[in-house]
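These notes concern the structure reproduced below.
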């Protein structure tokens, strides 16, 4: 819903042509006629907001929240079209809203605006600063000093695919490791990226569990033993 629900909970008002609150959810924004942010909780002005997101998608368009994540959540092609139009309309109405209008288009196109159904966009309207989620987590976990002591970095994800390259943990880990001159390998359930693409992302090699056991159900049920075999392969290739 582009963060409309969050903003409403914090005091914003989103009204239809009759001056009534629009229905909650992304679809309801299609009927939005005006927005009033004057009632936002004043305590927000004293708060530093950091939007930590593992995706860098904009609010709308081919790489926007509805198009990329809607189908994952059960949205049909028609739903995606309707949601994308509703969010675009939401942003258009906000462009004429006092206090935020001048930067709405910039926020909607910004990396992270499409995170979590567009709540990233709503957070930006409140002045949130975007940081890749993995960068925040690496800071919290003390990754840099650990990296100094490492000879090899092993990262992983359930499915190593195109989405991995858009702010997901393995891409962030690989970027940090490459900057420090460390080799990186990835362990994954399934692999859907060619070696050349992995290399550009800073990942020397990937080890999918499906190379050991093609049956995905068995990979899930017997992940422990299969991971032991994968670890043995990594040790043989890079440590021994």
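Numbering (my numbering), first residue to last: 989 to 1228.
A virtual CB, placed ideally from N, CA and C, is assigned to each residue, including glycine.
- Counting along the chain, the unbroken beta strand (DSSP E) around residue 1023 starts and ends at 1022 to 1024.
- Secondary structure note for residue 1146: its beta strand (DSSP E) is the uninterrupted segment 1140 to 1148.
- Non-local beta-carbon contacts of residue 998 in its own chain, meaning distances under 8 Å to residues more than five positions away in sequence, involve 1028, 1029, 1032, 1114 in chain order.
- 1043 is the residue among 1021, 1227, 1043, 1001 whose C-alpha sits nearest the C-alpha of residue 1152.
- Following the DSSP letters along the chain, one finds residue 1030 in no beta strand (DSSP E), marked with neither H nor E.
- The C-beta distance from residue 1037 to residue 1123 rounds to 16 Å, too long to meet the 8 Å contact threshold.
- Taking the Cα of residue 1227 as reference, the smallest distance to any Cα among 991, 1065, 1173 is reached at 1173.
- Only residues of its own chain outside the window of five on either side were considered, and among them 1021 have a CB closer than 7 Å to the CB of residue 1005, listed in chain order.
- Annotation for residue 1121: 1040, 1041, 1042 place their beta carbon closer than 6 Å to its own, counting only its chain and skipping 5 residues before and after.
- Under the DSSP definition of a beta bridge, residue 1195 partners with 1175.
- Closest option to residue 1016, judged by alpha-carbon separation, among 1207, 1213, 1070: 1070.
- Within the DSSP secondary-structure output, residue 1131 pairs in no beta bridge.
- Across the structure, residue 1050 and residue 1064 are spaced so that their CA atoms are roughly 15 Å apart.
- Apart from sequence neighbours up to five positions away, the residues of its chain that approach residue 1200 with a beta-carbon distance below 6 Å are 1214, 1217, ordered along the chain.
- Just measuring C-alpha positions, the residue of 1125, 1165, 1095, 1128 sitting nearest residue 1139 is 1165.
- With respect to the 9 Å criterion, residue 1097 and residue 1046 are classified as neighbours on the basis of their beta carbons.
- Per DSSP, residue 1213 is one residue of the alpha helix (DSSP H) stretching across 1211 to 1222.
- Note that the C-beta distance between residue 1178 and residue 1186 is not below 9 Å.
- Distance between residue 1024 and residue 1060, taken at the CA atoms: about 32 Å.
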